[in-house]
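Trainee: One gets our numbering by counting positions in the sequence shown from 1 and adding 8 to each.
Virtual Cβ for every residue (Gly too), placed ideally from N, Cα, C.
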Amino acid sequence: KELRRIADVAEKYNVPMVKITGSQRIDLLGVKKADLPQIWADLGMPSGQAYTKGVRMVKTCVGTDFCRFGVQDSTKAGVELERRLEHLYTPHKLKMGAVGCPRNCAEATVKDIGLVGQEGSWQVVVGGAAGKKVRKADLLITVESTEEALQAATLFFQYYRENANYLERTYDFVERKGIENVRRDTVYAPLATQQGLRERLRKSKRISRDAWLEGDAPRHPTQFVQIEPLEKVQA
9 KELRRIADVA
19 EKYNVPMVKI
29 TGSQRIDLLG
39 VKKADLPQIW
49 ADLGMPSGQA
59 YTKGVRMVKT
69 CVGTDFCRFG
79 VQDSTKAGVE
89 LERRLEHLYT
99 PHKLKMGAVG
109 CPRNCAEATV
119 KDIGLVGQEG
129 SWQVVVGGAA
139 GKKVRKADLL
149 ITVESTEEAL
159 QAATLFFQYY
169 RENANYLERT
179 YDFVERKGIE
189 NVRRDTVYAP
199 LATQQGLRER
209 LRKSKRISRD
219 AWLEGDAPRH
229 PTQFVQIEPL
239 EKVQA
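1) Which runs of the beta strand (DSSP E) fall wholly inside the stretch 48–133 and span at least 3 residues, in chain order?
2) Are the beta-carbon atoms of Lys101 and Gly62 separated by less than 8 Å?
3) On the DSSP bridge list, what partners appear for Trp143?
4) Would you give the residue range spanned by the beta strand (DSSP E) that Lys27 belongs to?
5) Residues bridged to Val151 by DSSP?
6) Using 10 angstroms around the beta-carbon of Pro99, count the other beta-carbons present and answer buried if the total reaches 16, otherwise exposed.
7) Taking the alpha carbon of Ala160 as the point to measure from, which residue in Ser216, Cys113, Asn173, Leu209 has its own alpha carbon closest?
8) On the DSSP letters alone, give me the boundaries of the beta strand (DSSP E) that Leu175 sits inside.
9) Could you tell me if Val233 is buried or exposed, where buried requires 16 or more neighbouring beta carbons within 10 angstroms of its beta carbon?
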């Protein structure tokens, strides 16, 4: 149904290009600014978070359902990780991945936060990068259950939010702090410290919202008005 709505919107608004991105999102490229509020209303779904300094996405492989190599349900884990962290702001953009086996088809080991499925366990890795600077993520912890992996990932997430400098990516943050110190302050921290991180994350999550919902009530009447080029106005 969602794919059908996207196709209908692309036809209705003459979208020049529809593209599946490397992060497994669907881009509608070249739309008119003035059409954005109505496009989002017609789609009736959250935005892909492809903007601002915050959570971008969780890229996953197909996991155990459709791959003979999968040993963990990475799709379910990725959906739940994104649900817990979507719409939250961070010092810099933050990308995540979850893979069902060490073959790493969704590139979790070069993400800011990655969940790597193993036989009977998950590896939680942090501080990876795949841009101009390629960096393999450091192992934060190995745990048995999916819930433990999600808890470890969210602990690091909030710790990064509170301790990183503005515009500092996780790979620079982890190198600056040192992975041993990161472990000590998160997954091996006293229970009270962990509870504090989780509670502050819950408070942030409670007040978070999809920024594109402003389309229903713009901050200013001209917020989504298409700006004409100056030379066209003068003509």
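Mentor: This is what the structure gives:
1) 63–68, 102–107, 121–126
2) yes
3) Checking the sequence shown, residue 143 turns out to be Arg, not Trp. Ala137.
4) Residues 25–28.
5) Trp130
6) The residue is buried, with at least 16 neighbouring Cβ atoms inside 10 Å.
7) Leu209
8) Leu175 -> no beta strand (DSSP E), and no H or E assigned at all.
9) exposed
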